[in-house]
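**Student:** First residue of the sequence shown: 800, per the working numbering; consecutive thereafter.
Each residue gets a CB set at the ideal place from its N, CA and C atoms; glycine is no exception.
One structure coming up, written as structure tokens, with questions to follow.
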Amino acid sequence: MRVFIRHALRGFRGRIAMLQKLYWRLHQNFLMQDRIPQYRAILAEAKARGYQFLTISDLADCASKRARLPPLSLVLRNDVDSDCATARKMFEVDKALGIRATYYFRLSTLDGLLMRDIQVYGAEVGYHFEEVAAAAKRYGFREPADVIPYLSSIRESFRRNIKRYRSVAGKFPKTVASHGDFANRAIRTSNCCIVDQEIRDEFGIVAESYDEWLNSPVTMRLADCAAPRWWSPTPLAAALMQNPKCLYVLVHPRQWRANIRENIAMPTGVSLSVLDIFLAAVACRRC
Ligand SMILES: [Zn+2]
């Protein structure tokens, strides 16, 4: 009897957790209030505390001793995984505050006008690459060793794609950043392995954002994340109270504004919506 009750309780908690997850996903995709004012307020607070904003290229200069690290520096990186309209709003905030960030664009989010505006302003744009994840999905990789025989063809894909990036951005990026896809987690391999020295020399790439040497000056790092946590491992406001010397902050447009049109129309939005409905149906049937 006791085992039965424990089993029933565990199942009940699981369904509650699933419903909570569904609620927050729907909230973030369709109901969330615009959080851009919070983005503006927290960056204004960092600036008021004396933080100087660095792009990833600036960080590379500091890490390689070509430039001096400011007493308080904040490296702001924006991975535009989706929603260029919100990325544009975040960039307008950066401009209004007089700060510079680095915006990384995937092939699916290349936006020539926004990328050129960011560069004209003096901030940085870069390529958010995901060729290993794309190959994993195409060829059905299951473990890290599956990538090795395909490395040279994956690098050829990277070469083709970064040329496509250049045709939109106007020039090759100085820095690139690996995108994190569920396929990378499934095969426990990031995309970074393809950016070897030969590729770097060929395209003038100074750094990949996860390079160990690049991150050597960083004393604290955090990232935005989905509702209801919003930040991981700690909120930016709390981090600023500790006055870290070199703070690295990663943000994503989708955590700051519910772009309903995009969430309905874009492929990722459609898949999320279908998943939402599926989860809701499963949850309701079991309740
Ligand atoms: Zn990404």
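Hey, how far is the Cα of tyrosine 838 from the Cα of proline 943?
**Tutor:** Distance between the alpha carbons of tyrosine 838 and proline 943 is about 38 Å.
**Student:** I need the straight-line Cα distance from leucine 1049 to glycine 897, nearest angstrom please.
**Tutor:** Those two C-alpha atoms are separated by around 18 Å.
**Student:** If I measure Cβ to Cβ from arginine 1020 and keep anything under 6 Å in the same chain, skipping five residues before and after, which residues do I get?
**Tutor:** So the qualifying residues of the chain are Tyr1047.
**Student:** Going by other Cβ atoms of all chains shown within 10 Å of its Cβ, with 16 needed for buried, is alanine 862 buried or exposed?
**Tutor:** It counts as buried.
**Student:** Can you tell me whether tyrosine 979 sits near ligand 1, meaning its C-beta is under 7 Å from at least one heavy atom of the ligand?
**Tutor:** In the sequence as displayed, the identity of residue 979 is glycine instead of tyrosine. It does: the Cβ of glycine 979 is within 7 Å (strictly closer) of some heavy atom of ligand 1.
**Student:** Assign histidine 806 to one of two classes, buried (16 or more other C-beta atoms within 10 Å of its C-beta) or exposed (fewer than that).
**Tutor:** Result: exposed.
**Student:** So, is serine 1070 buried or exposed, given that buried needs 16 or more other C-beta atoms within 10 angstroms?
**Tutor:** No answer about serine 1070 holds up, because its pLDDT of 42 lies below 50 and its placement is not dependable.
**Student:** What does the alpha-carbon distance come out to for the pair serine 952 and phenylalanine 852?
**Tutor:** The straight-line gap from Cα to Cα measures roughly 38 Å.
**Student:** Among the residues of its own chain, which have a CB less than 7 Å from the CB of aspartate 882, if the five just before and after it don't count?
**Tutor:** Only Pro1052, Arg1053, Asn1058 and Glu1061 meet the Cβ criterion.
**Student:** Secondary structure at valine 1048, three-state DSSP: helix, strand or coil?
**Tutor:** In this structure, valine 1048 counts as strand in the three-state DSSP scheme.
**Student:** Span of the alpha helix (DSSP H) holding valine 778?
**Tutor:** Lying before the first or after the last residue shown, residue 778 is absent from the chain, which here runs from 800 to 1086.
**Student:** Does the contact criterion of 3 or more C-beta pairs under 8 Å hold for the segment 1033 to 1045 versus the segment 1003 to 1023?
**Tutor:** Short answer: they touch.
**Student:** What would DSSP say about tyrosine 838, mapped onto helix, strand or coil?
**Tutor:** Of the three classes helix, strand and coil, the one that applies to tyrosine 838 here is helix, per DSSP.
**Student:** Note the first and the last residue of the continuous beta strand (DSSP E) segment covering phenylalanine 957.
**Tutor:** Careful: phenylalanine 957 lies outside any beta strand (DSSP E), inside the alpha helix (DSSP H) at 950 to 968.
**Student:** What's the call for serine 977, buried or exposed, on a 16-neighbour Cβ count within 10 Å?
**Tutor:** Its Cβ being crowded by 16 or more others within 10 Å, serine 977 is buried.
**Student:** Can you tell me whether arginine 1028 is buried or exposed? The criterion is at least 16 other CB atoms within 10 Å of its CB, across all chains shown.
**Tutor:** Answer is exposed; the Cβ neighbour count stays below 16.
**Student:** With H, G and I counted as helix, E and B as strand and the rest as coil, what does DSSP make of arginine 905?
**Tutor:** It is coil, neither helix nor strand.
**Student:** Methionine 831 lies in the beta strand (DSSP E); which residues open and close that run?
**Tutor:** Segment: none, methionine 831 is in no beta strand (DSSP E) and carries neither H nor E.
**Student:** Please tell me whether isoleucine 986 and arginine 954 are closer than 8 Å, where the distance is taken between their beta carbons.
**Tutor:** No.
**Student:** Report the rounded CA-to-CA distance for glutamine 827 versus tryptophan 1055, giving the unit in angstroms.
**Tutor:** If I take the Cα positions, the gap works out to 9 Å.
**Student:** Taking Cβ to Cβ, would you say alanine 843 is nearer than 8 Å to leucine 873?
**Tutor:** Not closer than 8 Å, so no.
**Student:** Check alanine 895 in the structure and name its three-state DSSP category.
**Tutor:** DSSP places alanine 895 in helix when its eight states are reduced to three.
**Student:** Return yes when the Cβ of valine 1005 is within less than 8 Å of the Cβ of histidine 927, no when it is not.
**Tutor:** Cβ atoms of histidine 927 and valine 1005: not closer than 8 Å.
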